[in-house]
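Asker: Numbering (our numbering), first residue to last: 19 to 247.
Backbone N, C-alpha and C define an ideal beta-carbon position, used for all residues, glycine too.
1. Of all the options 176, 70, 82, 99, which has the alpha carbon lying nearest to the alpha carbon of residue 24?
2. Relative to the C-alpha of residue 65, which residue among 214, 205, 41 is closest?
3. On the criterion of 16 or more Cβ atoms from any shown chain inside 10 Å, does residue 98 qualify as buried, or is it exposed?
4. What residue ranges within the region 41-114 form continuous alpha helix (DSSP H) runs of no fewer than 4 residues, ordered along the chain?
5. Can you tell me where the beta strand (DSSP E) holding residue 239 begins and where it ends?
6. Beta-carbon within less than 8 Å of residue 193's beta-carbon, same chain only, minus the 5 sequence neighbours each way: which residues are those?
7. Could you tell me whether the Cβ of residue 232 comes closer than 9 Å to any Cβ of chain B?
8. Taking 8 Å as the cut-off, does the region 99-118 touch the region 163-179 (at least 3 CB pairs, one atom from each stretch)?
9. What separation, rounded to the nearest whole angstrom, lies between the Cα atoms of residue 220 and residue 230?
10. Between residue 88 and residue 39, which are expected to be in contact by the criterion C-beta below 8 Å, what is the C-beta distance as a whole number of angstroms?
11. Going by DSSP, what residues sit across from residue 248 in a beta bridge?
12. Compare the C-alpha of residue 141 against each of 240, 183, 111 and name the closest.
13. By DSSP, does residue 179 sit in helix, in strand, or in coil?
14. Would you say residue 94 and residue 31 are within 9 Å of each other, going by their C-beta atoms?
15. Looking only at its own chain, which residues have a Cβ that is under 6 Å from the Cβ of residue 236, when we skip the five neighbours before and after it?
16. Leaving aside the five residues before and after residue 121 along the sequence, list all residues of the same chain whose C-beta is less than 7 Å from its C-beta, in chain order.
17. In whole angstroms, what is the alpha-carbon distance linking residue 174 and residue 182?
18. Inspect the beta-carbon positions of residue 137 and residue 117 and report whether they are closer than 9 Å.
19. Throw me the rounded Cβ distance for the residue 80 and residue 43 pair, which I believe falls under 8 Å.
20. Applying the 10 Å Cβ sphere with the 16-neighbour rule, what's the burial state of residue 211?
21. Shortest alpha-carbon distance to residue 78 belongs to which of 19, 240, 47, 206?
22. Check whether the Cβ atoms of residue 73 and residue 22 sit closer than 9 Å, and answer yes or no.
23. Are there 16 or more other CB atoms within 10 angstroms of the CB of residue 126, so buried, or fewer, so exposed?
24. Which same chain residues end up closer than 8 Å to residue 84 when comparing Cβ atoms and leaving out the 5 residues on each side of it in sequence?
Below is the structure:
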């Protein structure tokens, strides 16, 4: 593009650019009923990047919508966030609540989070167009070892940044990571997790403290039920 003149700026998930409809208009795919962009060869498993340019470029032909009568993504959503085909209520979406949302995760949606500490891919996983998707060969996109959640509750901000350097998780910051981790521990944690949770019940940050108290309560209730059984 440099040889064509004009000015360009690369842009990847760092501001309010509506990548999905722009990509659909550029002929890169179509937005499915989950509002996620789909591409015939990759299904839902793709990344979007943007180059903003002053050049007047001709877009590729638009791709037709190939969702047909399929509603798997709508049925798979654990919080019914896809309120109608092609309509998403982000306030219910676990991906939004664990990645973009700044405050506490609403109590009504905490159990639905299950063991997901960052995001939710349920609506992507079930898409039948994924049958043609291939595993990436790019080493930078391979999964890293999952940290032990209770151990992360004692991390400093510096340790958090060091561990997640080079990943999108880093932009959460430690406090929102704790929020997510405490929610997961509330759903799945056991006796061994309580000592790590307790110090955060009196944290200066109200969001962290509330999530820690909730997590402790959920774990103790689960242990009580196991003892009674």
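Answerer: In short:
1. For the purposes of this step, residue 24 is taken as residue 6 along the chain shown, with counting starting at 1. Residue 70 is the option with its Cα nearest to residue 24.
2. Translated into positions along the chain shown, residue 65 becomes position 47. Residue 41 is the option with its Cα nearest to residue 65.
3. For this step, residue 98 is matched to residue 80 along the chain shown. Under this definition residue 98 is an exposed residue.
4. The qualifying runs are 90-94.
5. If you number the chain shown from 1, residue 239 lands on position 221. Per DSSP, residue 239 lies in no beta strand (DSSP E); the unbroken alpha helix (DSSP H) holding it starts and ends at 224-246.
6. In the chain shown, the residue the question calls residue 193 occupies position 175. For residue 193, where only same-chain residues beyond five positions count, the Cβ hits under 8 Å are 223, 225, 226.
7. The displayed structure is made up of one protein chain only, and chain B is not part of it.
8. no
9. Taking the chain shown and counting its residues from 1, one reaches residue 220 at position 202. Taking the chain shown and counting its residues from 1, one reaches residue 230 at position 212. C-alpha separation (whole angstroms): 8 Å.
10. On the chain shown, residue 88 is found 70 positions in, with the first residue counted as 1. On the chain shown, residue 39 is found 21 positions in, with the first residue counted as 1. Between residue 39 and residue 88 the Cβ distance is about 20 Å, and since that is not below 8 Å, they are no contact.
11. Residue 248 lies beyond the range of the chain shown here (19 to 247); nothing can be said about it.
12. If you number the chain shown from 1, residue 141 lands on position 123. Ranking 240, 183, 111 by CA distance to the CA of residue 141 puts 111 first.
13. Reading the chain shown from its first residue, position 161 is the one you call residue 179. DSSP places residue 179 in helix when its eight states are reduced to three.
14. Position 76 of the chain shown, counting from 1, holds the residue named residue 94. Position 13 of the chain shown, counting from 1, holds the residue named residue 31. Contact: no.
15. Translated into positions along the chain shown, residue 236 becomes position 218. Correct list, in chain order: 204.
16. Along the chain shown, read from residue 1 onward, the residue named residue 121 stands at position 103. Answer for residue 121: 225, listed in chain order.
17. Reading the chain shown from its first residue, position 156 is the one you call residue 174. Reading the chain shown from its first residue, position 164 is the one you call residue 182. Put simply, the backbone Cα of residue 174 is about 12 Å away from that of residue 182.
18. Numbered from 1 along the chain shown, position 119 holds the residue referred to as residue 137. Numbered from 1 along the chain shown, position 99 holds the residue referred to as residue 117. Cβ distance < 9 Å, so residue 137 and residue 117 count as in contact.
19. Sequence index remark: in the chain shown, residue 80 carries index 62 (1-based). Sequence index remark: in the chain shown, residue 43 carries index 25 (1-based). So it is a contact: roughly 7 Å between Cβ atoms.
20. Indexing the chain shown from 1 puts residue 211 at position 193. It counts as buried.
21. The residue given as residue 78 occupies position 60 in the chain shown. In terms of CA proximity to residue 78, 47 leads the group 19, 240, 47, 206.
22. On the chain shown, residue 73 is found 55 positions in, with the first residue counted as 1. On the chain shown, residue 22 is found 4 positions in, with the first residue counted as 1. Yes.
23. Working through the chain shown from its first residue, we reach residue 126 at position 108. By the 10 Å Cβ count, residue 126 comes out exposed.
24. Translated into the one-based positions of the chain shown, residue 84 becomes position 66. Only 48, 56, 58, 147 meet the Cβ criterion.
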